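Protein chains: 2
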Amino acid sequence: MLTGLEEKILQCITRYITQNGRSPTLDEIGQLLEIKSKGTIHRYVKSLIDKGHLQRSGRNWRGLRLAGEQSRRLTILPLAGRIAAGKPIEAISEQYEINFSEMLLGPGRYVLEVQGDSMIDAGILDGDLVIVRETQTADNGDIVVALIDNSEATLKRLRKKGKQIELIPDNRSMDPMVYSADRINIQGIVVGQARMY
Amino acid sequence: MLTGLEEKILQCITRYITQNGRSPTLDEIGQLLEIKSKGTIHRYVKSLIDKGHLQRSGRNWRGLRLAGEQSRRLTILPLAGRIAAGKPIEAISEQYEINFSEMLLGPGRYVLEVQGDSMIDAGILDGDLVIVRETQTADNGDIVVALIDNSEATLKRLRKKGKQIELIPDNRSMDPMVYSADRINIQGIVVGQARMY
DNA sequence: GTTGAAAGTTCTCTTAAAGTACTCTATTAT
DNA sequence: ATAATAGAGTACTTTAAGAGAACTTTCAAC
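As structure tokens, then:
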């Protein structure tokens, strides 16, 4: 079981290694986390080694390695660049990265598997996962999970029109549906979408 | 048999752990349940441990675990169910979970930001992120990152035809392109796709 | 090889936060 | 009446976290 700081330091080291290919020095960790004492950092690095999350290869400088499962536990992937039809991958000079934890995860969030094609023009296909943030309120244009008459749930784009609410499927072959506001309960807003192949 | 408060506290802790990946402190439980006395909380947490519903790992802060459940990581969201147009959310009886780490992350993977609409019919829109697994080989039907003449990179669906390779955009308004196999280098296969709103 | 800066190691001291162990009180059901 | 449940509060112990000094080891420039 890791303490808060241990977790932070482990993430910091993991991130540094994926970016730079070698481990940071204690001072560099300190700079990144705004901790002034090398001794403090060392204490927690050592305890991470004791707990098996890190390994030290010999006694070299920058000789830290991620141990075993740790290397698979990454929630971070390098963002290698942009790809466009017909052009080479545009290298991104600074090492950008994507943190899926921050992106998709958080309190009050859950996942729904989408069935049907009603949002296909928004790039949400049958079988996709959508990440939903629980909330009762939403703005025009948000993709929402809406409960109609407390019995039917649906995924649609929202538009408010006075006392009426329009639920718009992003699908050219389907028509918007209009309800009086009191028949609709917003259950959440779609904040992300994911698909595996 | 649990008393009312014990039940509430256990639910509160379970919820906190699934959302935040680690257990709450006694004070945090108190805030969530609007109970002012740390001592009271402690009494009921202790009785939950005695009754076997919780475990304490060592004497650490935030060291509570759900008994029987494996402690899992932050990359997990509850899969609440399936949502289809016009039907209530189909509750999934067992607590299913989505682990984005296992899904998307792994060695040899990186992320590309997609530019352009060439894969729009596959639900990959301009600005989406695709997760790519590095490989030199791919099968028919895979969505690949292909390098043409070592100069242009592109995201297309692959079809091999003898000594020729067809790169097919999933976009009705674009035409497939055919190359001789020696002009094409496969750089990776798309294994996932994600989007944030 | 020598040497000095950079990196790592081992301490001690300090503070704030978290957990533990009580006592006292109120309510409620049997 | 009595036991179980629920809550407030006080006092104490333990842990997490940070600063910093003093020391040893590593590495690279000379």
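If you're matching them up, the sequences are chains U and G in order. Going by my numbering, the first sequence opens with residue 1, and the numbers climb by one from there. Going by my numbering, the second sequence opens with residue 1001, and the numbers climb by one from there. By construction, the Cβ of each residue, glycine as well, lies at the ideal position given by its N, Cα and C atoms. Predicted, not measured: the structure shown is a model, and the values here were computed from it.
Beta-carbon proximity check, residue i vs residue j, cutoff 8 Å
{"i": "residue 1187 of chain G", "j": "residue 1124 of chain G", "result": "no"}
{"i": "residue 152 of chain U", "j": "residue 129 of chain U", "result": "no"}
{"i": "residue 1017 of chain G", "j": "residue 1054 of chain G", "result": "no"}
{"i": "residue 167 of chain U", "j": "residue 119 of chain U", "result": "no"}
{"i": "residue 24 of chain U", "j": "residue 35 of chain U", "result": "no"}
{"i": "residue 1063 of chain G", "j": "residue 196 of chain U", "result": "no"}
{"i": "residue 47 of chain U", "j": "residue 7 of chain U", "result": "no"}
Residue i classed as buried or exposed, judged by whether at least 16 other C-beta atoms fall within 10 angstroms
{"i": "residue 1181 of chain G", "result": "exposed"}
{"i": "residue 1178 of chain G", "result": "exposed"}
{"i": "residue 30 of chain U", "result": "buried"}
{"i": "residue 1094 of chain G", "result": "Bear in mind that the predicted position of residue 1094 of chain G carries a pLDDT of just 35, short of 50, making it too unreliable to give a figure here."}
For residue j and residue i, believed in contact at Cβ under 8 Å, the rounded distance
{"i": "residue 1138 of chain G", "j": "residue 1184 of chain G", "result": "At roughly 10 Å, the Cβ-Cβ gap does not stay under 8 Å, so residue 1138 of chain G and residue 1184 of chain G are not in contact."}
{"i": "residue 1143 of chain G", "j": "residue 1157 of chain G", "result": "5 Å"}
{"i": "residue 38 of chain U", "j": "residue 27 of chain U", "result": "6 Å"}
Separation of residue j from residue i, as counted between CA atoms
{"i": "residue 116 of chain U", "j": "residue 1121 of chain G", "result": "15 Å"}
{"i": "residue 1150 of chain G", "j": "residue 20 of chain U", "result": "26 Å"}
{"i": "residue 1162 of chain G", "j": "residue 1140 of chain G", "result": "12 Å"}
{"i": "residue 1003 of chain G", "j": "residue 1060 of chain G", "result": "26 Å"}
{"i": "residue 172 of chain U", "j": "residue 1173 of chain G", "result": "16 Å"}
{"i": "residue 191 of chain U", "j": "residue 1127 of chain G", "result": "15 Å"}
{"i": "residue 111 of chain U", "j": "residue 1043 of chain G", "result": "35 Å"}
{"i": "residue 1175 of chain G", "j": "residue 1145 of chain G", "result": "17 Å"}
{"i": "residue 52 of chain U", "j": "residue 1011 of chain G", "result": "31 Å"}
{"i": "residue 1041 of chain G", "j": "residue 1015 of chain G", "result": "16 Å"}
{"i": "residue 1248 of chain G", "j": "residue 1109 of chain G", "result": "Look at the range of chain G in this structure, 1001 to 1197, and you will see that residue 1248 of chain G is not part of it."}
{"i": "residue 1009 of chain G", "j": "residue 1032 of chain G", "result": "9 Å"}
{"i": "residue 1022 of chain G", "j": "residue 1160 of chain G", "result": "49 Å"}
{"i": "residue 1058 of chain G", "j": "residue 1045 of chain G", "result": "15 Å"}
{"i": "residue 132 of chain U", "j": "residue 170 of chain U", "result": "18 Å"}
{"i": "residue 1136 of chain G", "j": "residue 1165 of chain G", "result": "14 Å"}
{"i": "residue 56 of chain U", "j": "residue 1056 of chain G", "result": "30 Å"}
Sheet register partners of residue i (DSSP bridge)
{"i": "residue 196 of chain U", "result": "G:1192"}
{"i": "residue 120 of chain U", "result": "Bridge partners of residue 120 of chain U: none, in fact."}
{"i": "residue 1051 of chain G", "result": "Bridge partners of residue 1051 of chain G: none, in fact."}
{"i": "residue 1064 of chain G", "result": "G:1056"}
{"i": "residue 1152 of chain G", "result": "G:1148"}
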